[in-house]
Amino acid sequence: MQRHGGYVLVETLINHGVTHVFGMPGGQANAFYDALSQRKEEISHILIRDETTAGFAADAFSRVTGRIGVCDATVGPGATKFPSGLMEAFNSSVPVLVLVSDHPQNSVLLQQYGRISQGGNQLDMLKPFAKETFNVPSIEMLSKVVSAAIHTAVSGRPGPVVVQIPQNVFLATTELEPLSGTSYHPKYRSSAPESEVAKAVRLLSTAKKPVILAGGGVQLSQAYDEMTQLIETYKIPVVTTLTGKGSVAETNELCLGVLGELGSPCAKVISDQADVILAIGYKHSQNSSYRWTWPREDQQFIHIDIDPAEFGRIINANVALWGDAREVLKQVLAGLKNSSFETSSEWLNTVKVEKEKWLQARNEESSSKSNPIWPQAAVQAIVDQLGPNDIVTCDAGFSSGWAGGFLELKQQGRQIILPRGAAGLGSSLPFALGAAMARPGSRVIAISGDGAFSYNVGELATLKQLNIPVINVVFNNAVLSWSKWTQQLNFTGNNQSVELGSYEFGAIAKSYGIVGEDVRNIEDLGPILKRELAANRPSVINVYTDEWQAPTMPYRQAMDTKKQGAIASQAY
Ligand SMILES: Cc1ncc(C[n+]2csc(CCOP(=O)(O)OP(=O)(O)O)c2C)c(N)n1
Ligand SMILES: [Mg+2]
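Note that this note's numbering has the sequence shown beginning at 331, numbered continuously upward.
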């Protein structure tokens, strides 16, 4: 039977286990939408209100399910919305399939240079943010290209891919059967050479002060059981990157929280003292390395990663273990069984003292009853209500920092999504949308600043229309506070373009027909959160927060010592 390109695409997606697509229609892809409309039982299309949302939502969907996330947009003005989400997924190694339509092939010359409305070289625009980009040359190749693109995204180091489909390919017909495959990642799990594992075990065995650094690769590889075993059996303290947050339960006495300026002070103290570091799924970016000043050369570094290009790119590994985090940790655990490795009680005592110091300082801030509300206290109210199946998403700006240092995860696993790949404002609500679709029955809390939330007000309609239980907690301080702080600390403090004005986001939510609350006293927040978490519906909780609180450690130190301008090289 002859079937059009839209059918071939939808069938190929279904055959690869795709259940959700986030996007917005356009004329060139109508065949796709025609086919989607006939397969609603198997595949849902989530109509977002801005394609930027689709990119972030697909990313979060993938992080939660371990399957590829899929988004689509129309040629030109739709496709040009994708770089934001794509950059996040690319820098965080998340497999996403981006589908963009294109003008018919016989108008390519006109389109390439914008001689056709909506025309432009969109594939080259997306290329820097994609693991690979593909153009579909014919209906016969459509299923093959989509299948190859999915394979590329989920194998090796995962990442986003782009498939561009011309309108005439969508409209052409074929009798060829669409291909099948898997969209789970990691598609293949590889092990490290045993000789290198033995070296790593020998080096670990010499450690007096070992530390594990868990990066985002632990989450991507779902190496949870192995992490727990390593920590519980050998009592090795662990710090995480922001993306690796949740690799172990943060209530574990050996977990010292997030390493970096948006993390915990004790993670830094302990990591500085470490003699051997076991880094897992870690790309050595600026946050956790304090701008590449850590680890020092005298610290021994064992590095596990799926991408060999990471070994020695910035920091040399004393031992490089090339493979999937879960598989390699299994090997390390097997090796350690026959070793004499033991963490000294002296080291464990230092760890304990430092963690207690941190918890005490944190608790003081988290229990603040100040007005305007301290974000630390608002985060604590969220922690108090969070259930094991719930998910928190964060925005760029200070909300990532508040979550990094103050949001203690009681569970191991994927409970938080932070935009550290691109750190783009306006990602928390789209992430939440994708996460809610990925884990039906869960409740999702999206934390954003007022500047960040303003990017996505239109998506309240998406939440309302599909009754997606996302609770948006907006830290409303009437300013772009991160920007304001950097201007204050580094320059003349003139406050250029950082004042937002204050808006009643709760009232805005009501106009979309969803629950809205404006909260001025911290005592009110817990009960409202509790009510909304039980209600299974979208809401906006607008919390009036203190703009003079900052989660970034250099800023906090500068504020404490009142040495304005003294940290210009650190603040950014
Ligand atoms: C898309 C985008 N534009 C600009 C920035 C730079 N930036 C980082 S934080 C920030 C301020 C965020 O303000 P808000 O969301 O209100 O959070 P607050 O810092 O006040 O808590 C800005 C402008 C960015 N990260 N992403
Ligand atoms: Mg703000």
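Don't be surprised by glycine CBs; every beta carbon is placed ideally from N, CA and C.
- Here the C-alpha atom of Lys814 lies approximately 14 Å from the C-alpha atom of Ala782.
- Following the DSSP letters along the chain, one finds Ser778 inside the beta strand (DSSP E) bounded by residues Val774 to Gly779.
- Closer than 8 Å to some heavy atom of ligand 1: that describes the Cβ of Ser414.
- Tyr874 has Asn806 as its beta-bridge partners, per DSSP.
- Those residues whose C-beta sits under 6 Å from the nearest heavy atom of ligand 2 are, from N- to C-terminal order along the chain, Gly779, Asp780, Gly781, Asn807, Val809, Leu810 and Ser811.
- The stretch 725-737 makes contact with the stretch 808-824: 3 or more CB pairs, one atom from each, lie closer than 8 Å.
- Counting the other Cβ atoms within 10 Å of the Cβ of Thr581 gives fewer than 16, which makes it exposed.
- The count of Cβ pairs closer than 8 Å, one atom from the stretch 878-885 and one from the stretch 791-802, stays below three, leaving the stretches out of contact.
- In this structure, Ala579 is the residue among Ala579, Ile566 and Asp605 with its C-alpha nearest to the C-alpha of Gln742.
- Annotation for Gly653: Ser520, Ser521 and Ala522 place their beta carbon closer than 6 Å to its own, counting only its chain and skipping 5 residues before and after.
- Per DSSP, His481 is one residue of the alpha helix (DSSP H) stretching across Ile469 to Val484.
- In the structure shown, Val568 falls within a strand segment according to DSSP collapsed to helix, strand and coil.
- Here Trp622 is exposed: its Cβ has fewer than 16 other Cβ atoms, across all protein chains shown, within 10 Å.
- Counting the other CB atoms within 10 Å of its CB gives Ile775 a total of 16 or more, which places it among the buried residues.
- For Gly754, the CB falls within less than 8 Å of some heavy atom of ligand 1.
- With contacts defined as CB atoms closer than 9 Å, Val430 and Ile495 qualify as a contacting pair.
- Asp628 sits in coil when the DSSP states are folded into three classes, being neither helix nor strand.
- Relative to Val787, the option among Met417, Gly764 and Pro760 whose CA is nearest is Pro760.
- Set against 8 Å, the gap from the CB of Asp725 to the closest heavy atom of ligand 1 is smaller.
- In this structure Trp688 touches Ser594 by the C-beta definition: roughly 5 Å separates them, less than 8 Å.
- Counting only the Cα atoms, Thr571 lies some 44 Å from Val438.
- In terms of CA proximity to Gln497, Ser468 leads the group Ala808, Ser468 and Thr723.
- Taking 3 residues as the minimum length, the beta strand (DSSP E) runs contained wholly in the stretch 698-751 are 721-724, in order along the chain.
- Between Ala791 and Arg379, the CB-CB gap stays under 9 Å.
- Counted as a single uninterrupted DSSP element, the beta strand (DSSP E) harbouring Ala544 occupies residues Pro540 to Ala544.
- Distances between the C-beta of Leu830 and the heavy atoms of ligand 1 include at least one below 8 Å.
- Taken through DSSP and simplified to helix, strand or coil, Phe641 comes out as coil.
- Not one heavy atom of ligand 1 lies closer than 8 Å to the C-beta of Ser577.
- Between ligand 1 and the CB of Tyr785, the shortest heavy atom gap is smaller than 8 Å.
- Linking Gly764 to Ser669 through their CA atoms gives a straight-line distance of about 44 Å.
- Two segments are said to touch when three or more pairs of C-beta atoms, one from each, lie closer than 8 Å; by this definition the stretch 466-482 does not touch the stretch 523-538.
- When distances are taken from the beta-carbon of Glu591 to the heavy atoms of ligand 1, even the shortest one reaches 8 Å or more.
- Collapsing the DSSP output to three states places Ala650 in a strand.
- Under the three-state reduction of DSSP, Phe671 is assigned to coil, being neither helix nor strand.
- Relative to ligand 1, the beta carbon of Ser813 is positioned inside 8 Å of a heavy atom.
- With respect to Gly353, Asp402 sits close: the two C-beta atoms are nearer than 9 Å.
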